[in-house]
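> Please find one structure pasted underneath; my questions will follow.
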Amino acid sequence: MRVSRIPTTTALCLSTLLCVAWADNPIVQTIYTTDPAPFLYDGRVFLFTGHDEDGSTGFDMRDWRLFSTNDMVNWQHHGTPMSLATFSWADANAWAGHVVERNGKFYFYVPIRRRGGSMAIGVGVSDSIYGPYKDAIGRPLVENAEIDPAVLMDDDGQAYLYWGNPNLWYVKLNEDMISYSGGLNKVDLRVEGFGPRQGSETTRPTAYEEGPWPFKRNGKYYMLYAANCCSEDLRYATGPSATGPWTYGGILMATEGRSFTNHPGYIEYKGQPYLFYHNGALDGGSGYTRSVAVESFNFNPDGSIPQLRMTTQGPAQVGTLDPYIRQEAETIAWSKGVETEVCSEGGINVANINNGDYVKVKGVNFGSKGASKFTARVASATSGGKIELRLGSETGSLIGTCTVSGTGGWQTWTSVSCPVSGATGTHDLFFRYTGSGSDFLFNVNWWQFE
Ligand code: FUB
């Protein structure tokens, strides 16, 4: 189903230009994404997410998605590293997962529903961060009808698997990461550790709900979590060890927007801390059609975390994007209308392009000499269209126009080039797609300036 997932902030914008300049959150506009699980690997930020189906009215979730960036604003789509089909014993609920690496293998812990049963934690394994991940043990790793696994790798090599809703549990994983020693440990959810519950519920005094995200920083252990069902905010606790005792830290992000859940993910990239979360900020967004977003922040000197707001601008770009090396078309800061699909030349391509759709790539550094030529890898089962290259906004200054003709198929690829002028310095680059007809125009696999 094709839906228009434009930002809800659009209606509030004074002009298209202002709107575009602000909107880099949520991170992904081509699908609905949930439950962020960022992971730093090989100098790059990888972001595993859940995926709400278009038009979902429940937690209709069937696969996980992967994105990556090296500048925190232009995100490359990598497709589907794992899905429900990976687990023969599961039949629904591809919910909030978490990936860690150990000894060159990547382990993907996920909550899924056992066929005809209740929720359990499965584990996928792959030799590559991109997957595909396969079922590591052919059965649940732990099974107690609770959800949201996340792993903390302690400095002494001991890995802890946390999970739970409404309780918080952990096991000590063995070095193989697919078995554990000792029993299931239930964390004492004291109010002093996890804060007082808000709202009318009286059976549970503590705010903790789900989505634990443990990490260690400067000798202190942190546990981020979603709190207060069913209008969740994000909170945190700290402790002297991976197993506590936990001391309540406060509210990290108050309840905002149209999603009644939220879910934290944390990384520090190039010395800058980032909080990932989800909301319902795209058009059609709700508690079941959510979108992942990210904010940068700084810890207070005592290690406490200031309360953050959800924004549409997101964090500052780290560095610039080099247009003189081949860039994947699915590396996107913001887009309107387009979707992505698996490409016959490998990876992913931008697809489902209609007249007036666009892709924005942020902070493109053309240098002082500038660019004179643009090449794109394209395919079209119809009669194609044009790629307008514009700076600053989708209606900004036109530096070139490339014509795409029909190639005989959506995966029949050819390269097209066109002259470019007026492209020097650093700009946000907009690929504006135009053409006639009601069908899709063409697909784009990659692009490069010379
Ligand atoms: O996305 C499904 C569930 O919603 C997750 O497992 C929870 O953390 C909540 O975000």
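Sequence positions in the sequence shown follow mature numbering (1 follows the signal peptide of the UniProt record, and there is no 0) and run -23 to -1, 1 to 427.
Glycine is no exception: its CB is placed at the ideal position from the N, C-alpha and C atoms.
All values derive from a computational prediction rather than experimental measurement.
1) Work out the CA separation of residue 33 and residue 105 for me, nearest whole Å.
2) For residue 417, name the three-state secondary structure that DSSP assigns.
3) Any beta carbon of chain C sitting closer than 8 Å to that of residue 330?
4) With H, G and I counted as helix, E and B as strand and the rest as coil, what does DSSP make of residue 168?
5) What does the alpha-carbon distance come out to for the pair residue 417 and residue 145?
6) Just to confirm, does residue 69 get its C-beta within under 7 Å of one of the non-hydrogen atoms of ligand 1?
7) Which parts of the region 264 to 335 are runs of the beta strand (DSSP E), unbroken and 3 residues or longer, counting only runs that do not cross its ends?
8) What did DSSP end up calling residue -4 once you bin it into helix, strand or coil?
9) Do residue 376 and residue 408 count as a contact pair if the criterion is CB distance below 8 Å?
10) Considering only residues of the region 95 to 132, which uninterrupted beta strand (DSSP E) runs meet the minimum length of 3 residues and lie entirely inside it, listed in chain order?
11) Could you pull the start and end residues of the beta strand (DSSP E) that residue 59 belongs to?
12) Mind checking whether the beta-carbon of residue 38 lies closer than 7 Å to any heavy atom of ligand 1?
13) Measure the alpha-carbon distance for residue 329 versus residue 18 and round it to whole angstroms.
14) Examine the Cβ distances between the region 229 to 238 and the region 248 to 264 and report whether three or more of them are shorter than 8 Å.
15) Just to confirm, does residue 187 get its C-beta within under 7 Å of one of the non-hydrogen atoms of ligand 1?
16) So for residue 380, helix, strand or coil by DSSP?
17) Would the region 282 to 295 and the region 378 to 397 be scored as touching if the rule is three or more Cβ pairs under 8 Å?
18) Output the distance between the C-alpha atoms of residue 49 and residue 247, rounded to the nearest integer angstrom.
19) Enumerate, from N- to C-terminal direction, the unbroken alpha helix (DSSP H) stretches of 4 or more residues contained entirely within the region 164 to 239.
20) Following the continuous beta strand (DSSP E) through residue 38, name the residue where it begins and the one where it ends.
21) Determine the DSSP secondary structure at residue 26, reduced to helix, strand or coil.
22) Among the residues of its own chain, which have a CB less than 7 Å from the CB of residue 185, if the five just before and after it don't count?
23) So is the beta-carbon of residue 262 under 7 Å away from any non-hydrogen atom of ligand 2?
24) Mind checking who residue 89 pairs with in its DSSP beta bridge?
25) Would you identify the three-state DSSP class for residue 359, choosing helix, strand or coil?
26) For residue 428, count neighbouring Cβ atoms within 10 angstroms of its own Cβ and tell me buried if that reaches 16, exposed if not.
27) Does the beta carbon of residue 28 fall short of 7 Å from some heavy atom of ligand 1?
28) Any chance you could list the beta strand (DSSP E) runs of at least 3 consecutive residues sitting entirely within the region 382 to 414, in chain order?
29) What's the C-alpha gap between residue 174 and residue 227?
30) Among the residues of its own chain, which have a CB less than 6 Å from the CB of residue 314, if the five just before and after it don't count?
So, to answer that:
1) Reading the sequence shown from its first residue, position 128 is the one you call residue 105. Reading the sequence shown from its first residue, position 56 is the one you call residue 33. Here the alpha carbons of residue 33 and residue 105 stand approximately 31 Å from one another.
2) Translated into the one-based positions of the sequence shown, residue 417 becomes position 440. DSSP places residue 417 outside both helix and strand once states are collapsed to three, so it counts as coil.
3) Of the protein chains in the structure, only one exists, and it is not chain C.
4) Locating residue 168 in the sequence shown gives position 191, where the first residue counts as 1. Collapsing the DSSP output to three states places residue 168 in a helix.
5) Residue mapping note: residue 417 aligns to position 440 of the sequence shown, counting from 1. Residue mapping note: residue 145 aligns to position 168 of the sequence shown, counting from 1. Each residue's alpha carbon lies about 48 Å from the other.
6) As a first step, residue 69 is located in the sequence shown; it is residue number 92 there, counting from the start. No, the beta carbon of residue 69 sits no closer than 7 Å to any heavy atom of ligand 1.
7) Complete beta strand (DSSP E) runs here, min 3: 268 to 273, 311 to 313, 316 to 319, 325 to 328.
8) Stepping through the sequence shown from its first residue, residue -4 is reached at position 20. Only weak support is given to the placement of residue -4: the predicted model assigns it a pLDDT of 36, under 50, and the value that follows is read from those uncertain coordinates. Here residue -4 sits in helix by DSSP.
9) As a working note, residue 408 is residue 431 in the sequence shown. As a working note, residue 376 is residue 399 in the sequence shown. No, these two residues do not count as a Cβ contact at 8 Å.
10) Counting only unbroken stretches of 3 or more residues, the beta strand (DSSP E) elements lying wholly within the region 95 to 132 are 96 to 103, 127 to 130, in sequence order.
11) Your numbering for residue 59 matches position 82 in the sequence shown. Membership of residue 59 in the beta strand (DSSP E) is indicated by the continuous run 52 to 60.
12) Within the sequence shown, numbered from 1, the residue matching residue 38 stands at position 61. Yes, the Cβ of residue 38 comes within 7 Å of a heavy atom of ligand 1.
13) Working through the sequence shown from its first residue, we reach residue 329 at position 352. Working through the sequence shown from its first residue, we reach residue 18 at position 41. Roughly 31 Å between the two C-alpha positions.
14) Judged by Cβ distances under 8 Å, the region 229 to 238 makes contact with the region 248 to 264, as three or more pairs qualify.
15) Taking the first residue of the sequence shown as position 1, residue 187 is located at position 210. Yes; taking the cut-off as 7 Å, the Cβ of residue 187 has a heavy atom of ligand 1 nearer than that.
16) Position 403 of the sequence shown holds residue 380. DSSP places residue 380 in the strand class (E or B) of the three-state scheme.
17) Short answer: they don't touch.
18) Translated into positions along the sequence shown, residue 49 becomes position 72. Translated into positions along the sequence shown, residue 247 becomes position 270. Each residue's Cα considered, the two are about 11 Å apart.
19) For the region 164 to 239, whole alpha helix (DSSP H) runs of length 4 or above, ordered along the chain, are 168 to 171.
20) Here residue 38 refers to the residue found at position 61 when the sequence shown is read from its first residue. Residues 38 to 46.
21) The residue you call residue 26 lines up with position 49 of the sequence shown. Strand, per DSSP.
22) Here residue 185 corresponds to residue number 208 of the sequence shown, with the count starting at 1. 145, 166, 171, 202, 204.
23) Within the structure as shown, ligand 2 is missing, the only ligands being ligand 1.
24) The residue labelled residue 89 in the question sits at position 112 within the sequence shown. Note: residue 89 sits in a beta bridge opposite 97.
25) In the sequence shown, counting from the first residue as 1, residue 359 sits at position 382. If DSSP states are grouped into helix, strand and coil, residue 359 belongs with coil.
26) Since the first and last residues shown for the chain are -23 and 427, residue 428 lies out of range.
27) For the purposes of this step, residue 28 is taken as the residue at position 51 of the sequence shown. Look at residue 28: its beta carbon is at least 7 Å from all of the heavy atoms in ligand 1.
28) Those beta strand (DSSP E) runs which fall completely within the region 382 to 414 and span 3+ residues are 386 to 396, 403 to 411.
29) Here the question's residue 174 lines up with position 197 in the sequence shown. Here the question's residue 227 lines up with position 250 in the sequence shown. Distance between the alpha carbons of residue 174 and residue 227: 12 Å.
30) To locate residue 314, count along the sequence shown from 1; it is residue 337. In chain order, 331, 334 place their CB closer than 6 Å to the CB of residue 314, counting only its own chain and leaving out the 5 sequence neighbours on each side.
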